[in-house]
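Student:
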Amino acid sequence: MNFDLSLPGHLAAALGPELLLMGGAMLLLLWSAWRPESDVNQRQVGIASMALCVLVMIAVGVYAFQGSTAGNGVIAVDNFRWVADEIFLIATIGTIAMSLDYNPREGILAGESHVLLLLATSGMMILAAARDLIIVFLGIELMSIAIYVLVGINRRRERSAEGAIKYFLLGAFSTAFLLYGIALVYGATGATNFGAIAANIERLGLATSGLLLVGLALLVVGFGFKVAAAPFHMWAPDVYEGAPTPITAYMAAAVKAAAFAAFFRLWLEAFPSLLTTWHDPIWWLAVVTMVVGNLVALAQRNIKRLLAYSSIAHAGYILVAMVVGTSLGSSAFLFYLFAYTMATLGAFAVVVAMGAPGEDRMGVEEYSGLWNVRPGLAVAMAVFMLALLGFPIFGGIGFFAKWYVLQAALQTPAPQTRLAVILVLTSVLSAGYYLYVVMVMFMKPRASTAVLPARTTGWTSAVVWGTAAIILVFGVFPDALVSFTKRSTLDVAKKAAPVVTTR
Amino acid sequence: MAGFLDSIGYNDWALVALLLIPLVGAGLIFVVGRRNAAAGDERALEDPGARQIAFYTFLIEFIVSLGLWWSFDPANPGWQAAIDMSWIPTWGVRFTLGVDGIALMMVLLTTFIMPLTVLGSWTSVRTKVRSYYALLLILTTGMLGVFVARDLFLFYVMWEVMLVPMYFIIGIWGGERRIYASLKFFIYTMLPSLLMLVAIIWLGLHARDATGTPNFSYDNLLSVSSVSPRAALWLFGAFAFAFAVKVPMFPFHTWLPDAHVEAPTAGSVVLAGIMLKMGTFGFLRFALPLFPGAAMNPTVRNLMLVLAVIGIIYGALVAMVQPDFKKLVAYSSVSHLGFVMLGIFALTVQSVQGALMIMISHGISTGALFFLIGMIYERKHSRLIESYGGIARVVPMFAAILTFVSLSSIGLPGTNGFVGEFLVLVGSFRTYPVFATIAATGVIFAAAYLLWAIQRVLFNPLDKAENIHLPDLNRRELALLAPLVAAIIWLGVYPAPVLRRMEAASQALVNRVEGGAAVAVSEPVAVR
Numbered sequence: 313m314n315f316d317l318s319l320p321g322h323l324a325a326a327l328g329p330e331l332l333l334m335g336g337a338m339l340l341l342l343w344s345a346w347r348p349e350s351d352v353n354q355r356q357v358g359i360a361s362m363a364l365c366v367l368v369m370i371a372v373g374v375y376a377f378q379g380s381t382a383g384n385g386v387i388a389v390d391n392f393r394w395v396a397d398e399i400f401l402i403a404t405i406g407t408i409a410m411s412l413d414y415n416p417r418e419g420i421l422a423g424e425s426h427v428l429l430l431l432a433t434s435g436m437m438i439l440a441a442a443r444d445l446i447i448v449f450l451g452i453e454l455m456s457i458a459i460y461v462l463v464g465i466n467r468r469r470e471r472s473a474e475g476a477i478k479y480f481l482l483g484a485f486s487t488a489f490l491l492y493g494i495a496l497v498y499g500a501t502g503a504t505n506f507g508a509i510a511a512n513i514e515r516l517g518l519a520t521s522g523l524l525l526v527g528l529a530l531l532v533v534g535f536g537f538k539v540a541a542a543p544f545h546m547w548a549p550d551v552y553e554g555a556p557t558p559i560t561a562y563m564a565a566a567v568k569a570a571a572f573a574a575f576f577r578l579w580l581e582a583f584p585s586l587l588t589t590w591h592d593p594i595w596w597l598a599v600v601t602m603v604v605g606n607l608v609a610l611a612q613r614n615i616k617r618l619l620a621y622s623s624i625a626h627a628g629y630i631l632v633a634m635v636v637g638t639s640l641g642s643s644a645f646l647f648y649l650f651a652y653t654m655a656t657l658g659a660f661a662v663v664v665a666m667g668a669p670g671e672d673r674m675g676v677e678e679y680s681g682l683w684n685v686r687p688g689l690a691v692a693m694a695v696f697m698l699a700l701l702g703f704p705i706f707g708g709i710g711f712f713a714k715w716y717v718l719q720a721a722l723q724t725p726a727p728q729t730r731l732a733v734i735l736v737l738t739s740v741l742s743a744g745y746y747l748y749v750v751m752v753m754f755m756k757p758r759a760s761t762a763v764l765p766a767r768t769t770g771w772t773s774a775v776v777w778g779t780a781a782i783i784l785v786f787g788v789f790p791d792a793l794v795s796f797t798k799r800s801t802l803d804v805a806k807k808a809a810p811v812v813t814t815r
Numbered sequence: 004m005a006g007f008l009d010s011i012g013y014n015d016w017a018l019v020a021l022l023l024i025p026l027v028g029a030g031l032i033f034v035v036g037r038r039n040a041a042a043g044d045e046r047a048l049e050d051p052g053a054r055q056i057a058f059y060t061f062l063i064e065f066i067v068s069l070g071l072w073w074s075f076d077p078a079n080p081g082w083q084a085a086i087d088m089s090w091i092p093t094w095g096v097r098f099t100l101g102v103d104g105i106a107l108m109m110v111l112l113t114t115f116i117m118p119l120t121v122l123g124s125w126t127s128v129r130t131k132v133r134s135y136y137a138l139l140l141i142l143t144t145g146m147l148g149v150f151v152a153r154d155l156f157l158f159y160v161m162w163e164v165m166l167v168p169m170y171f172i173i174g175i176w177g178g179e180r181r182i183y184a185s186l187k188f189f190i191y192t193m194l195p196s197l198l199m200l201v202a203i204i205w206l207g208l209h210a211r212d213a214t215g216t217p218n219f220s221y222d223n224l225l226s227v228s229s230v231s232p233r234a235a236l237w238l239f240g241a242f243a244f245a246f247a248v249k250v251p252m253f254p255f256h257t258w259l260p261d262a263h264v265e266a267p268t269a270g271s272v273v274l275a276g277i278m279l280k281m282g283t284f285g286f287l288r289f290a291l292p293l294f295p296g297a298a299m300n301p302t303v304r305n306l307m308l309v310l311a312v313i314g315i316i317y318g319a320l321v322a323m324v325q326p327d328f329k330k331l332v333a334y335s336s337v338s339h340l341g342f343v344m345l346g347i348f349a350l351t352v353q354s355v356q357g358a359l360m361i362m363i364s365h366g367i368s369t370g371a372l373f374f375l376i377g378m379i380y381e382r383k384h385s386r387l388i389e390s391y392g393g394i395a396r397v398v399p400m401f402a403a404i405l406t407f408v409s410l411s412s413i414g415l416p417g418t419n420g421f422v423g424e425f426l427v428l429v430g431s432f433r434t435y436p437v438f439a440t441i442a443a444t445g446v447i448f449a450a451a452y453l454l455w456a457i458q459r460v461l462f463n464p465l466d467k468a469e470n471i472h473l474p475d476l477n478r479r480e481l482a483l484l485a486p487l488v489a490a491i492i493w494l495g496v497y498p499a500p501v502l503r504r505m506e507a508a509s510q511a512l513v514n515r516v517e518g519g520a521a522v523a524v525s526e527p528v529a530v531r
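Chains A and B supply the protein sequences, listed in that same order.
Going by the numbering used here, the letters in the first sequence line up with residues 313 to 815, in that order.
Going by the numbering used here, the letters in the second sequence line up with residues 4 to 531, in that order.
1. Residues of chain A with CB under 9 Å from Arg181(B), in chain order?
2. Report the partner residues of Arg613(A) according to the DSSP bridge assignment.
3. Suppose the cutoff is 7 Å on Cβ atoms and the five residues either side in sequence are ignored; what does the same chain contact list for Gly6(B) look like?
4. Taking the beta strand (DSSP E) that Trp90(B) falls in, what are its first and last residues?
5. How long is the line joining the alpha carbons of Ser525(B) and Gln728(A), rounded to whole angstroms?
6. Compute the Euclidean distance between the alpha carbons of Ile182(B) and Ala262(B), then round it to the nearest angstrom.
7. Could you tell me the boundaries of the alpha helix (DSSP H) in which Arg577(A) lies?
8. For Phe786(A), which of Thr772(A), Val691(A), Tyr648(A) and Met362(A) has the nearest alpha-carbon?
9. At a Cβ threshold of 7 Å, is Ile705(A) touching chain B?
10. Do you know how far the Cα of Leu198(B) is from the Cα of Pro326(B)?
11. Are the stretch 386-403 of chain B and the stretch 437-447 of chain B touching, with three or more C-beta to C-beta distances below 8 Å?
12. Measuring alpha carbon to alpha carbon, tell me which of Asp475(B), Gly81(B), Asn463(B) and Val496(B) ends up nearest Glu506(B).
13. By how many angstroms is the C-alpha of Ser68(B) removed from the C-alpha of Thr638(A)?
14. In this structure, how does DSSP classify Gly101(B) when only helix, strand and coil are distinguished?
15. If we ignore side chains and look at the alpha-carbon of each, how far apart do Ala241(B) and Leu157(B) end up?
16. May I ask you to verify whether the stretch 605-612 of chain A touches the stretch 521-529 of chain A, counting CB pairs closer than 8 Å and requiring at least 3?
17. With a threshold of 8 Å, are at least 3 pairs of Cβ atoms found where one atom belongs to the stretch 777-795 of chain A and the other to the stretch 698-713 of chain A?
18. Going by C-alpha distance, which of Asp222(B), Leu22(B), His339(B) and Glu480(B) is nearest Glu381(B)?
19. Between the Cα of Lys467(B) and the Cα atoms of Ala290(B), Ser390(B), Gly519(B) and Leu140(B), which residue gives the shortest distance?
20. Taking 6 Å as the cut-off, is the C-beta of Ser271(B) nearer than that to any heavy atom in the ligand FAD?
21. Grab the span of the alpha helix (DSSP H) containing Phe425(B) for me, first residue to last.
22. Please state whether DSSP places Leu236(B) in a helix, a strand or coil.
23. According to DSSP, is Asn415(A) part of a helix, a strand, or is it coil?
24. Tell whether a beta-carbon distance below 7 Å holds between Ala567(B) and Leu310(B).
25. Relative to the alpha-carbon of Leu516(A), which residue among Thr504(A), Val752(A), Phe506(A) and Ala500(A) has its alpha-carbon at the smallest distance?
26. Per DSSP, what kind of secondary structure is Ser220(B) in: helix, strand or coil?
27. Could you tell me the distance, in whole angstroms, from the CA atom of His472(B) to the CA atom of Tyr317(B)?
28. On the premise that Ile173(B) lies in contact with Ala269(B), defined as a C-beta separation below 8 Å, what is that separation, rounded to the nearest angstrom?
29. Show which residues of chain B have a CB atom less than 9 Å away from the CB atom of Leu689(A).
30. Ala382(A) bridges to which residues according to DSSP?
31. Short of 8 Å in beta carbon distance, which residues of its chain neighbour Gly430(B), apart from the five on each side in sequence? Order them along the chain.
32. With a threshold of 6 Å on Cβ separation, who are the neighbours of Tyr652(A) within its own chain once the five nearest residues in sequence on each side are excluded?
33. Once you ignore the five residues that flank Arg686(A) on each side, which residues in its own chain have a CB closer than 7 Å to its CB?
34. How about Val167(B): is its C-beta nearer than 7 Å to some C-beta of chain C?
Laid out in structure tokens, this is it:
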């Protein structure tokens, strides 16, 4: 159906999945608070949360297949949003499943941790839908505040608390940037709605307005923090290391995806006429992020930090899709997010499975000879590493994701050949650390003193095998997914394919 | 024979079957092995399991592939046994396979060598047996896929698929410095491959249809010839870089000695026998026909020829001073593959056919050499030439076969090595007399390093007491070497059937490249 967003009833209907998720989360919060803190409680709330997520996924699917549309209001109703939502929800389910095993081990018995994840997810869904700067801010805050708490939820651990403080301070800092940017953009254009901003820039000839430029720069910095793009990535490794592992997975996969989705939409819908001017800064942001992320990752010997830097590098690859800025770019972006989310979730699930109480055993060397004792885990981890590396068949969907981004980069009116070459060269760098993990697992002998990792329990292994299966199956037959994301492009990108100068 | 093959519809399923059979075998190994998993590795080795399954799978594979020999029509330079299926329509990617005279020989070489590699690993691989053979099987699918792919996307996927099993084979079952060697092998191959990937996407997009769907079909790309000379040069560079590392051509060869020496015997055989041919095959299939203008550009061509000749001489000279027998053979590959590159870039029908002959005979002879080194290493656990001496008296069979295989590798008339090198030198002498003359000295060097090595290993005084009790070849090892020796003699004495099957394709290639180059030259070159 076609929603008229000026009517409250229609607006609520258009936000149906978000409202369902929030309402359910509130009920679960009450349910969890009503009962004494215990592992059973935590577990039941977690399972109920996953069920709720599945329900919301179905709701999103229904909205998507109805082909609902909306006029130019505060939120978007398009496939881009639905696909992004599904990715967030899958990531949430995976995270909760991991937490079910992880939380009791670390003595986290609060069922609220799952509910906080649900609330963060609803913030993400709002971000994916936002078509108004105020809504963007609302989504960012809803998401971030829940994550601040989650990072520090293991309050007995020093690292966790340190990560939480760091994330909170820097997060607040970046939010300030964002807010200031929003204010300046509003000051320059007199609008917060994306469509209105674009129209006003066009109508009033604001393309060179100083106020707008400063506002945009601040927005880029703010989003740069959220997606951990270099040089705004400094917080990521420490926070990723300190946070409970499932939350790290969630941050690396879903939080990044949500911030990118909002960034992407803002960029293409509100500032299509400025893409030419802003091509160079974003181009450099992508290049610096790819180079820094991959180079520094080479030096990491802690698996969580390694994956943190890998996620920074992947932010760079995703930025390539943004530089491209075409409708093909936006579908490549979604495809990449999906592949990246799967591989990241799986890799962190292996980290959870390998972990011991108190979060030790995080050095990559602890994985030595894993193949000899837990061949299944080792093979799955190898699949995730190769997927992140973008290797065909063995890395499944990861290769197609990279292929799609490269194709998008080369299929613009002015092919981004140099950017494509830099992308592949930096991914050769990434082979250095992804293969390091593989090498340690398969080629190093297991130390005789090494403790045998506990057998992987139900939920975590479900995540490991589920993501591995998705990666491998779509890695041979990707067409369904490709044509699905191809239909999920941003509308405005279709209307105004920007002419981008060659670099 | 051809009639029988037609009656079972051989051409409609042969290539798909060749790609699937190894995968089925790999799956089977794990299904059967699961039953024995509890018994531990040593038991699994004794069990009628992985080795047998792998061997019979490869045998079936070879028998199935043999049909191609008869069903192939030598007069037809086009695709045969072609298959065309849909794969990723949204991206314009199709699953298309086919063989021409060039690919046919490479496919047969692969399926011929693979069963032997199982015999060669029979007792030397003792850990993780199931995974080892499963990886060998998967590797075979990748290699065959490279040879028969007619879609550049599919080609690239297969090209990369080969890499992972080989990485594990070197890294897990290799020698002391295996981790270093395997990583070096992986990175060296991956870097230029990814640049080639960008070139492939660029090409596919260049050939896209009105709806914007790219097209990666090889035949289609051949007919779309509107790439600007400048772009063609870059694209050729990307392809040539990827292939040159794989060959390996002179400055990019440093991964080869490490990988060959550290790999287990079967790994070395597959690397030298088949995977090096991927590079030269890539030149013949992609780099030259797709960008004739760039490839025949005098500067590019001379550069490639110079590098080829340097490779011949340099490889031979370095081989001469190696104390390690395996490394010596590894460097001899650099030299031999230099001949292949010379033949390809000299670009006469004779030299191209000669190059193809060397590709085949190098696979057989060098493969046999690596097998022999592996056998003696299994007995004494040393690859150093100086730790042997005079062992011809203790292991006469081994000595006879080693001498014979070495002579074929040197290119003695009457063996397979002679045919190819002779054709390359004759063919390239017509277009590039100077290069051909210099290259001819490489043959002399080859005689020097191999004969000298043989002398030191087999014929000097038997001065090491521990060598007196070396056992001679057993029946399994003889069974392994017999087909190789037979192939050496057959190709040396009567190569005509092989040459006949490659002739049309070589002729078509030369015509296409020369024709394409002529067109490209007549176009004005845009200066920017």
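The C-beta atom is built at its ideal place from N, Cα and C for all residues, glycine as well.
Tutor: Taking the geometry as given:
1. Met755
2. Per DSSP, none; premise fails for Arg613(A).
3. none
4. Gln83 to Ile91
5. Because the pLDDT at Ser525(B) is just 49, under 50, the model does not fix this residue reliably, and the value given afterwards should be weighed accordingly. Using only the alpha carbons, I get a separation of about 30 Å.
6. 10 Å
7. Lys568 to Arg577
8. Tyr648(A)
9. yes
10. 36 Å
11. no
12. Gly81(B)
13. 47 Å
14. strand
15. 18 Å
16. no
17. yes
18. Glu480(B)
19. Ser390(B)
20. Summarising the ligand content, the structure contains no ligands, and the ligand FAD is consequently not present.
21. Asn419 to Thr434
22. helix
23. helix
24. Nothing about residue 567(B) can be reported from this structure: the residues present for chain B run from 4 to 531 only.
25. Ala500(A)
26. strand
27. 37 Å
28. Contact doesn't hold; Cβ gap of about 11 Å is too wide.
29. Neighbours of Leu689(A) on chain B: none; closest Cβ ~15 Å, over 9 Å.
30. Phe315(A)
31. Gly346, Ala349, Thr351, Val352, Gln353, Ser354, Val355, Gln356 and Gly357
32. His626
33. Pro765
34. No chain C is present in this structure, whose protein chains are A and B.
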